[in-house]
Each structure stands twice: as structure tokens, then as C-alpha cells.
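Under the UniProt record's numbering, the residue at position 128 of the sequence shown is numbered 128, and the numbers go up by one with no gaps.
What follows is one structure encoded as C-alpha cells, with my remarks underneath.
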Amino acid sequence: MLSHTLKYAYFPGCVAQGACRELYQSTQALTQALGIELVELKKAACCGSGTFKEDSQLLEDTVNARNIALAEELNLPLLTHCSTCQGVIGHVNEHLKECKTSDPAYIQQVNGLLDKEGCSPYRGSTDVKHLLYALVTDYGLEEITKRVTRKLTGLKCAAFYGCYLLRAQKSMPYDDPFKPEAMENMFRAVGATPIYYRGRTQCCGWPLASYATTQSFKMAGMHIQDALTSGADCIVTPCPLCHLNLDSRQPEVEKVIQQKLGLPVLHLPQLIALALGVSPKELGLERHVVSTKPVLEKLGF
């Protein structure tokens, strides 16, 4: 058993509080089941999902310096459960920590803008960590296995990491950005079987969706087809934007590629929480566009 309670400043992000409400729901259920304490940053702003810097790098840095400063006020690491939020905020934190030494005038500029709005200054005193890596490195896979009450035996899971999680930051201390294993190791810890396929570390196509929809859906379709061909019962993703392109838009993807798919796409905390005995209803599994019933039937629900 852990000798202390893990506690994080929780950055839920926009999508988990809107289109993917089941991610917010399942993250709460999972952390409660594991005894992890979350202090939600209710005053946090959208990270910008990479779009702010198209207009201004200073804008992206300042908005997210404020988000990080909210966690610093609590003396807690900032926890995300979105690959995109992790990539953006983690990159800003990495960049600003470097600037403290290489370009202190820039830090002063950022903090000057924060001060004008009555916000706390960025200090560079905390870390930004995705839920996946908090579970793997802080909680530990062995401890999670001890908590499993319903092994996911026989369920073949295909990870879809999302490119922001793996490669948005210069350094990735928790995993190999091109050959990651954290998700697959998590699957094994809860009794599931990991499926390896070509698209698991590639882009889902979401960033293209607003201006190159057909290309975006072709990308998503290629990954889903690859996972199916490799024998997957479901895709599991730590990113709600990937979830939107792979699950919510799967019927549209099918029309573009002219092929029936029907592959369920689960959020990472949903999968883990199922193994801990949390009910499908509590995890919002009925909210998905592609039915999760085949997964639940295979697990004996």
C-alpha cells in the first residue's frame, strides 16, 4: 500500500467538461477508487490546444503560466487527463523554466501581464503530469494490480497515445516518445492484452478536422482499420480530442472510407476503473457514439 495520499492540482480541460463529459466522470471515479485527491483548478483557462501560438507565443505562454501558477499556489503538481492539454501546458512549463536562466526578461514580461490582471506570478516550481504517468510513476502499476477486483482477461486493447502526449515536450522522462510502453503496461496490470499496431503513436487527424475534414477522417479511419486488423476489441486513448475523432466521428469516418468499422473507443480512466469494480454507468460508457456493449459483454457485464 502507498505510504501517503497522492494529491494533485487537477486541470480538467474544456473537452472533458463538455463533449466528453464521461472523461471527467470517469477520472473522478477512478481517482476516488484509488484514494487519489484532486483539487480542481476551477479558475483555470483553456490551454488553447496549440492554437494560441499561431497568433502569439506570448499569449500561449501567459495563459498557461497562469494555469501553472494556480497549481503553484497550492504547492501541488498540475495533473491533466488530456494529451493535448499535457502537451501544451507541459511545453510551456518546460520553456518558461528554461527562460528563467536564458531569458529572465521574458519571464518578467509574462509575469507583468499576469500582475496587470491580478494573477499570481509564474515561479517554475511545479511539474505538469498526465494522469497516465501519474498512475504509472507515482501510484505504481503493482499497487494498481493489487486494487483490481475484475481482471480484464481476454480483452484486447489497442492504445492510441496522441501525438501531443509523446512529442510536444523536448524531454519525455516517463516513456520512449516513439516506442512507448506505459499504456500497454497499464493494460497488462489490469489483466487486458495489449495490441500493437502501426497507428498507436501517430496523429488521430483531429488538428486537420476544421479545414481538411476528408483527410482527417481518412487518417482516423486508417488507424481504426489497423487496430481492427490487428485483432483489437477496443481502442483506449488518454486524449479526449483523439476520442472525438475516433469515436464521435466514427460514423462519418465510415462514410469517407466506405467501410463499416464499429470499434469501441474507451477513455483510459474508464478501462482502469472497470478493473477496479466501478460500474459502467458510473463511468458514462453509455455516452459513447460507438457502442461499448461488445466490450462489456466480453468482460461479462
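Where a beta carbon is used, it is the ideal one built from N, C-alpha and C, also for glycine.
Quick one: what does DSSP say LYS129 is sitting in, helix, strand or coil?
LYS129: strand per DSSP, three-state reduction.
In angstroms, rounded to a whole number, what distance separates the CA positions of ALA105 and LYS260?
So the alpha carbons of these two residues sit roughly 55 Å apart.
Can the beta-carbon of VAL88 be found closer than 9 Å to that of TYR164?
The answer is yes: Cβ separation under 9 Å.
Hey, is the segment 55-62 in contact with the segment 27-42, meaning 3+ C-beta pairs nearer than 8 Å?
Taking 8 Å as the limit for Cβ pairs, the verdict is that the segment 27-42 does not touch the segment 55-62.
Where the beta strand (DSSP E) through ILE235 begins and ends:
Run containing ILE235: 234-237, per the beta strand (DSSP E) assignment.
If you follow the alpha helix (DSSP H) that LEU113 is part of, which residue opens it and which one closes it?
Looking at the DSSP string, the run of the alpha helix (DSSP H) that includes LEU113 is 104-116.
Taking DSSP's pairing of strands, which residues face CYS20 in a bridge?
Residue pairing of CYS20 in beta bridges, as defined by DSSP: absent, with no partner found.
Bridge partners - ALA220, DSSP secondary structure assignment:
For ALA220, which the question treats as bridged, DSSP gives no partner whatsoever.
On the three-state DSSP scale, how would you describe LEU79?
Residue state for LEU79 is assigned as strand, using DSSP reduced to three classes.
Within 8 Å, do at least three Cβ pairs link the segment 72-85 to the segment 120-135?
Because the criterion of three Cβ pairs below 8 Å is met, the segment 120-135 and the segment 72-85 touch.
Rounding to the nearest angstrom, what Cα-Cα distance links LEU132 and ILE257 in this structure?
Taking the CA atoms as reference points, LEU132 sits about 32 Å from ILE257.
Drop a sphere of 10 angstroms on the beta-carbon of TYR122, count the other beta-carbons inside from all chains shown, and report buried for 16 or more, exposed for fewer.
With 16 or more Cβ atoms within 10 Å of its Cβ, TYR122 is classed as buried.
Do you know offhand how far ASP175's Cα is from LEU141's?
Distance between the alpha carbons of ASP175 and LEU141 is about 14 Å.
Can LEU283 and GLN86 be called in contact, C-beta distance under 9 Å?
Not closer than 9 Å, so no.
Assuming GLY191 and VAL236 are in contact, meaning their beta carbons sit under 8 Å apart, how far apart are those beta carbons, in whole angstroms?
With 8 Å as the limit, GLY191 and VAL236 do not qualify as a contact, their Cβ atoms being about 14 Å apart.
Out of VAL136, ARG150 and GLY118, which has the shortest C-alpha to C-alpha gap to residue 306?
No answer is possible for residue 306: the residues shown for the chain start at 1 and end at 301.
Between which two residues does the beta strand (DSSP E) holding THR193 run?
Run containing THR193: 193-195, per the beta strand (DSSP E) assignment.
If you measure between the beta carbons of ALA182 and GLY199, is that distance less than 9 Å?
Cβ atoms of ALA182 and GLY199: not closer than 9 Å.
Which listed residue (LEU70, PRO240, ARG249 and ALA69) has its alpha carbon closest to that of residue 322:
No answer is possible for residue 322: the residues shown for the chain start at 1 and end at 301.
Since ALA275 and LEU152 should fall inside the 8 Å C-beta cutoff, what is the C-beta to C-beta distance between them, to a whole number of angstroms?
The C-beta distance from ALA275 to LEU152 rounds to 5 Å, short enough to meet the 8 Å contact threshold.
What would DSSP say about LEU6, mapped onto helix, strand or coil?
Here DSSP, grouped into helix, strand and coil, assigns LEU6 to coil.
Euclidean distance between Cα positions of residue 325 and PRO238
An answer regarding residue 325 cannot be provided, because it is not within the stretch 1 to 301 covered by the chain.
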